[in-house]
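With the working numbering applied, the sequence shown has no gaps in its numbers, which climb one by one up to 351 at the end.
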Amino acid sequence: MVAFEADYFRALETPRMAVLSPNLFAAAFPLMKLMPARHILDRAAADGALQTGMRIVETTSGTFGMALALLAAARGYRLTLITASSLIDAKYRARLEGIGATIIITEDPDGNGDQLRRLQRLEDIRQKEMDCFWPQQYDNPGNALAYARLAELLVRRIGKIDCLVGCVGSGGSLCGTGAFLRAVFPHLVIIAVDTHRSVLFGQPAGKRMLRGLGNSLIPGNLRHDLVDEIHWVGAYPAFGEARRLLREHGIFQGPTSGAAALVAKWAARSRPGARVAVIMADEGHRYAETVFDDAWLASLPGWPGTPPSEPILLTAIEPASEADWTRFPWARRGLGQVLHARFRDEGFSR
Ligand SMILES: Cc1ncc(COP(=O)(O)O)c(C=O)c1O
2 MVAFEADYFR ALETPRMAVL SPNLFAAAFP LMKLMPARHI LDRAAADGAL QTGMRIVETT
62 SGTFGMALAL LAAARGYRLT LITASSLIDA KYRARLEGIG ATIIITEDPD GNGDQLRRLQ
122 RLEDIRQKEM DCFWPQQYDN PGNALAYARL AELLVRRIGK IDCLVGCVGS GGSLCGTGAF
182 LRAVFPHLVI IAVDTHRSVL FGQPAGKRML RGLGNSLIPG NLRHDLVDEI HWVGAYPAFG
242 EARRLLREHG IFQGPTSGAA ALVAKWAARS RPGARVAVIM ADEGHRYAET VFDDAWLASL
302 PGWPGTPPSE PILLTAIEPA SEADWTRFPW ARRGLGQVLH ARFRDEGFSR
């Protein structure tokens, strides 16, 4: 029976590979977050930190919560997920509750997911119920380490890889996969994909329309020093590209996959001699009534605008509109280094 559980979850956490252009290879997951969730729970069960019947608590807006809910149902754990009002819709909530999760929703007046408020709520629960298990996807090194399996799979399926593109939320998938791949291919260029008003790469926090990537806090699993270039993709180009993936390639993935594909196509075009791999985190079903619904899209102010064909090269890190796509050469620096350079330059120019 345990072997069947492993087979089932392994299928959900194994990407389908697709060739988007002669030098662009996509790893499209049904539910990527099962990989770190399963790895973290397996480790905790093995060292006794997690036992059957115990409660798992986590702050998550989506796919990591779904992965935990599936695993908790299969393995007999109780689960409490803390999310923000701007992050979860009624249907997804009902799906999670249907699998047995308890959902706590915190207020989010600024619409940025307010991670700090959610963590405070989580801490309150842990104070009351001492023996619950907190996977800590943002800071647990097990999140990034779980992606050794993806790195191995990419090398087996693609061979030499020169450039890796992926979204960043916790940092686990891009930095985990990227660190393993760079050990094999030291020349590997790593391109991170974020969205406007996420603080991950130095933008001021604000309301974000594109969910699943980005953050209002800096997670320990984000290794800025691995990243060569950062792109910020607004919701509109991400939605447009998710729909193009379906129309032109028959690939039904969510909007963060659209953001990653947009940047990866550009990377493959601008580096014709390089082999580019792109990570796509989840499939499209959850977005059937939004991103894949014409009437919903038509109700968005200014949709579709003029879809950008190229990113705008920024000389200073700043937010842009949901219709924009920007980029900045990060050059494997720490966040402090980049921000320090910015303040120094701004100081000089005043
Ligand atoms: C749909 C989706 N895309 C991308 C990401 C970013 O992945 P990571 O947390 O590994 O940085 C997430 C994270 O939850 C996600 O849910």
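Ideal Cβ placement from N, Cα and C applies to all residues, glycine included.
Rounded to a whole number of angstroms, what is the C-alpha to C-alpha distance between ALA243 and PHE30?
In the sequence shown, residue 243 corresponds to position 242, counting from 1. In the sequence shown, residue 30 corresponds to position 29, counting from 1. When rounded, the distance between both Cα atoms is 14 Å.
I want to check one thing, is the minimum distance from the CB of ASP379 to the heavy atoms of ligand 1 below 7 Å?
The structure shown has nothing for residue 379, since the chain only spans 2 to 351.
What would DSSP say about MET2, mapped onto helix, strand or coil?
For the purposes of this step, residue 2 is taken as the residue at position 1 of the sequence shown. Model confidence at MET2 stands at a pLDDT of 45, short of 50, so the residue's coordinates are unreliable; what they give is reported in the following sentence. The answer is coil: DSSP assigns MET2 none of H, G, I, E or B.
Would you call the CB atoms of HIS40 and ALA147 closer than 8 Å?
Within the sequence shown, numbered from 1, the residue matching residue 40 stands at position 39. Within the sequence shown, numbered from 1, the residue matching residue 147 stands at position 146. Yes, they are a contact pair.
Check whether the Cβ of THR84 lies closer than 7 Å to any heavy atom of ligand 3, and answer yes or no.
Absence of ligand 3 from the depicted structure is noted, with ligand 1 being the only ligands included.
Any non-hydrogen atom of ligand 1 closer than 7 Å to LYS34 Cβ
As a first step, residue 34 is located in the sequence shown; it is residue number 33 there, counting from the start. LYS34 Cβ: within cutoff of ligand 1.
So within the region 100 to 163, which uninterrupted alpha helix (DSSP H) runs reach at least 4 residues, ignoring any that extend past its ends?
Whole alpha helix (DSSP H) segments, 4+ residues: 116 to 129, 142 to 146, 149 to 159.
Rounded to the nearest angstrom, what separates LYS208 and HIS232 at their Cα positions?
The sequence position of residue 208 within the sequence shown is 207, counting from 1. The sequence position of residue 232 within the sequence shown is 231, counting from 1. Approximately 18 Å, taken between the alpha carbons.
How many whole angstroms separate the CB atoms of ALA324 and GLY306, which I take to be in contact at a CB cut-off of 8 Å?
For the purposes of this step, residue 324 is identified with residue 323 of the sequence shown, where counting begins at 1. For the purposes of this step, residue 306 is identified with residue 305 of the sequence shown, where counting begins at 1. That belief holds up - the Cβ atoms of ALA324 and GLY306 are roughly 4 Å apart, short of 8 Å.
Whole-angstrom distance between THR291 and LEU117, CA atom to CA atom:
As a position in the sequence shown, residue 117 is number 116, starting the count at 1. As a position in the sequence shown, residue 291 is number 290, starting the count at 1. Between the alpha carbons of LEU117 and THR291 lies a gap of roughly 28 Å.
Simplified DSSP state of MET36, which is helix, strand or coil:
Numbered from its first residue, the sequence shown carries residue 36 at position 35. DSSP places MET36 in helix when its eight states are reduced to three.
Of the choices ASP294, PRO302, ASP229, whose alpha-carbon is the least far from that of LEU331?
Residue numbering aside, residue 331 sits at position 330 when the sequence shown is read from its first letter. Checking the sequence shown, residue 331 turns out to be Trp, not Leu. The shortest C-alpha separation from TRP331 is found at ASP229.
Limits of the unbroken alpha helix (DSSP H) element including VAL264
Position 263 of the sequence shown, counted from the first residue, corresponds to residue 264. Here the alpha helix (DSSP H) through VAL264 covers 256 to 271.
Can you tell me whether DSSP reads ASP325 as helix, strand or coil?
Position 324 of the sequence shown, counted from the first residue, corresponds to residue 325. ASP325 falls in the coil class under three-state DSSP.
Quick check on the DSSP output: what are the complete beta strand (DSSP E) runs of length 3 or more inside the region 271 to 330, in order along the chain?
277 to 281, 326 to 330
Sort out for me which residues DSSP pairs SER22 with in a bridge.
Counted from its first residue, the sequence shown places residue 22 at position 21. Paired residue(s): LEU25.
So, under 8 Å CB-CB, GLU32 and GLU14 are touching, yes? Tell me the CB distance rounded to an integer number of Å.
For the purposes of this step, residue 32 is identified with residue 31 of the sequence shown, where counting begins at 1. For the purposes of this step, residue 14 is identified with residue 13 of the sequence shown, where counting begins at 1. In the sequence under discussion, the amino acid at residue 32 is Leu, which differs from the Glu named in the question. Between GLU14 and LEU32 the Cβ distance is about 6 Å, and since that is below 8 Å, they are a contact.
I'd like to check one pair, LEU82 with ALA102: are the Cβ atoms closer than 8 Å?
The residue given as residue 102 occupies position 101 in the sequence shown. The residue given as residue 82 occupies position 81 in the sequence shown. Their beta carbons are under 8 Å apart, which means ALA102 touches LEU82 by this criterion.
Following a CB-centred definition, is GLY259 positioned closer than 7 Å to any heavy atom of ligand 1?
In the sequence shown, counting from the first residue as 1, residue 259 sits at position 258. No, the Cβ of GLY259 stays beyond 7 Å of every heavy atom of ligand 1.
Proximal residues to LEU340 (C-beta, below 6 Å), its chain only, five neighbours per side dropped
On the sequence shown, residue 340 is found 339 positions in, with the first residue counted as 1. So the qualifying residues of the chain are GLY203.
Ordered along the chain, which non-local residues of its own chain (more than five positions away) have a Cβ less than 6 Å from that of GLY177?
Along the sequence shown, read from residue 1 onward, the residue named residue 177 stands at position 176. Excluding sequence neighbours, GLY177 sits near ALA145, TYR148.
Candidates GLU311, LEU25, ILE252: closest to LYS161 by CA position:
One-based indexing of the sequence shown puts residue 161 at position 160. The residue with the shortest Cα to Cα distance from LYS161 is LEU25.
Cα-Cα, which of ALA236, ARG119, LEU336 is closest to PRO309?
Walking along the sequence shown from the start, residue 309 turns up at place 308. Checked all of ALA236, ARG119, LEU336; the closest Cα to PRO309 is ALA236.
Beta-carbon within less than 6 Å of LEU298's beta-carbon, same chain only, minus the 5 sequence neighbours each way: which residues are those?
What you label residue 298 is simply residue 297 of the sequence shown in a count that begins at 1. Cβ within range, chain order: TRP304.
For ligand 1, I want to know if THR64 counts as a neighbour, meaning its beta carbon is within less than 7 Å of at least one of the ligand's heavy atoms.
Translated into positions along the sequence shown, residue 64 becomes position 63. Flag set: Cβ of THR64 near ligand 1.
CB of SER87 to nearest heavy atom of ligand 1: below 7 Å?
The count along the sequence shown starts at 1 and reaches residue 87 at position 86. SER87: no, Cβ never under 7 Å from ligand 1.
Using only alpha-carbon positions, find the residue among LEU182, PHE134, ASP48 that is nearest to ARG79.
Working through the sequence shown from its first residue, we reach residue 79 at position 78. The residue with the shortest Cα to Cα distance from ARG79 is PHE134.
Any heavy atom of ligand 1 closer than 7 Å to the beta-carbon of SER217?
Locating residue 217 in the sequence shown gives position 216, where the first residue counts as 1. Not under cutoff, so the answer is no.
Considering just the uninterrupted stretch of the alpha helix (DSSP H) at LEU201, what are its terminal residues?
On the sequence shown, residue 201 is found 200 positions in, with the first residue counted as 1. Neither: LEU201 is in no alpha helix (DSSP H) and is coded neither H nor E.
For ligand 1, any of its heavy atoms closer than 7 Å to the Cβ of VAL169?
The sequence position of residue 169 within the sequence shown is 168, counting from 1. Yes, the Cβ of VAL169 comes within 7 Å of a heavy atom of ligand 1.
As assigned by DSSP and simplified to three states, the class of LEU42:
Translated into positions along the sequence shown, residue 42 becomes position 41. Here LEU42 sits in helix by DSSP.
At least 3 beta-carbon pairs within less than 8 Å: the region 64 to 76 vs the region 179 to 189
no
Could you give the DSSP three-state label for THR64: helix, strand or coil?
Mapped onto the sequence shown, residue 64 falls at position 63. Residue state, collapsed to three classes: helix.
I'd like to check one pair, PRO205 with PRO320: are the Cβ atoms closer than 8 Å?
One-based indexing of the sequence shown puts residue 320 at position 319. One-based indexing of the sequence shown puts residue 205 at position 204. Yes, the Cβ-Cβ distance between PRO320 and PRO205 is below 8 Å.
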